[in-house]
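Heads up: the structure comes next, in structure tokens.
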DNA sequence: CAGCATCCCGGAGGATACTG
DNA sequence: CAGTATCCTCCGGGATGCTG
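Protein chains in written order, with UniProt numbering: chain H, 1 to 110; chain F, 1 to 110.
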């Protein structure tokens, strides 16, 4: 229940926090990437296999963005052929339970 | 924690549910509208006052979409001048706690 | 008061080919 | 293997004006 003041003005919603949250999950793919990786570690190729309908460009761009947002970590192994692994950062893991609940919202509106 | 099978394949993420959830909160305004209205009842004009940076067209369009999605109810009063009131549907109210938590996600990535 | 109609632009998102 | 580079399409979102 949202508390109201005596003038019946709704409790202020923090638009800043909303927009920050929307940045994390915005677009067609970010939330999917986050939920897909979960507690695991993924290579570029594994994402491609799991999300075949997502283009390489989109995948590369979204991964880069999520790294910049400190949602994902990117680990490069000095091997030949190169190996790059992605996993959630601490912040990402903290957000995971909430983001998983969004699937319940999807279920609600079936 | 996500359970895995013995082949280390991650538990399937339900892409259908994700996309349905994303429809509900997609765009720059839907989540904001939902959180703003909360348990209250809003008139068109009140939205405009609370969200002055949102154009009328966007507001009208998003309200209509949210009504079609069964997130909002629209009640028209046969008065002159016309009065139209919006509030969350039962489903909308059920989703509200989860959607509110998204602000915590925004807070995490400050 | 509470919208809809019309026009427009920028950027999200896609297809394909190439590279360290 | 893990990405860039380039090009292109489409539509979200804004501005403005009109209407029941």
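Positions of the beta carbon are idealized from the N, C-alpha and C atoms, including for glycine.
Here the structure is a predicted model, which means the values were calculated and not measured.
Whose CA, out of 37(H), 46(H) and 69(H), lies closest to the CA of residue 20(H)?
69(H)
From the beta carbon of residue 15(H), is the nearest beta carbon of chain F less than 8 angstroms away?
yes
Consult DSSP for residue 67(F) and reduce its assignment to one of helix, strand or coil.
helix
Limits of the unbroken beta strand (DSSP E) element including residue 76(F):
Start and end: 72-77.
Does the beta-carbon of residue 78(F) have 16 or more other beta-carbons within 10 angstroms, so that it is buried, or is it exposed?
exposed
Presumed contact (8 angstroms Cβ cut-off) between residue 62(H) and residue 24(H), rounded CB distance
Not quite, the Cβ-Cβ distance comes to about 11 angstroms (not below 8 angstroms), so this is no contact.
In three-state DSSP terms, what is residue 13(H)?
Under the three-state reduction of DSSP output, residue 13(H) falls in the coil class, being neither helix nor strand.
Please list, in chain order, all residues of the same chain as residue 104(F) whose beta carbon is under 7 angstroms from its beta carbon, the five residues on each side excluded.
Nothing meets the Cβ criterion.
Of the listed residues 17(H), 86(H) and 67(H), nearest to residue 47(H) (C-alpha basis):
86(H)
Sequence-distant residues of the same chain with beta carbon closer than 8 angstroms to residue 40(F), five excluded per side
87
Identify every residue that forms a DSSP beta bridge with residue 93(F).
For residue 93(F), which the question treats as bridged, DSSP gives no partner whatsoever.
Contact criterion: CB-CB distance below 8 angstroms. Does residue 103(H) meet it with respect to chain F?
yes
Three-state secondary structure assigned by DSSP to residue 28(F)
coil
Quick one, which of 73(F), 101(F), 60(F) and 106(F) has its alpha-carbon nearest residue 71(H)'s?
106(F)
Between residue 36(H) and residue 80(F), which are expected to be in contact by the criterion C-beta below 8 angstroms, what is the C-beta distance as a whole number of angstroms?
With 8 angstroms as the limit, residue 36(H) and residue 80(F) do not qualify as a contact, their Cβ atoms being about 54 angstroms apart.
Could you confirm whether any beta carbon from chain H is found closer than 8 angstroms to the beta carbon of residue 57(F)?
no
Would you please state the rounded distance, in angstroms, between the beta carbons of residue 17(F) and residue 102(F)? I believe it to be under 8 angstroms.
That pair is no contact at about 16 angstroms.
Within the same chain, show all residues whose beta-carbon is closer than 8 angstroms to that of residue 84(H), passing over the 5 residues directly before and after it, in chain order.
43, 44, 74, 75, 76 and 77
Do residue 94(F) and residue 96(H) have their C-beta atoms closer together than 8 angstroms?
no
By the criterion of Cβ-Cβ separation under 7 angstroms, what are the contact partners of residue 95(H) in chain F?
105 and 108
How far does the alpha helix (DSSP H) with residue 39(H) in it extend, from its first residue to its last?
Segment: none, residue 39(H) is in no alpha helix (DSSP H) and carries neither H nor E.
Would a check of beta-carbon distances place residue 21(F) closer than 8 angstroms to chain H?
yes
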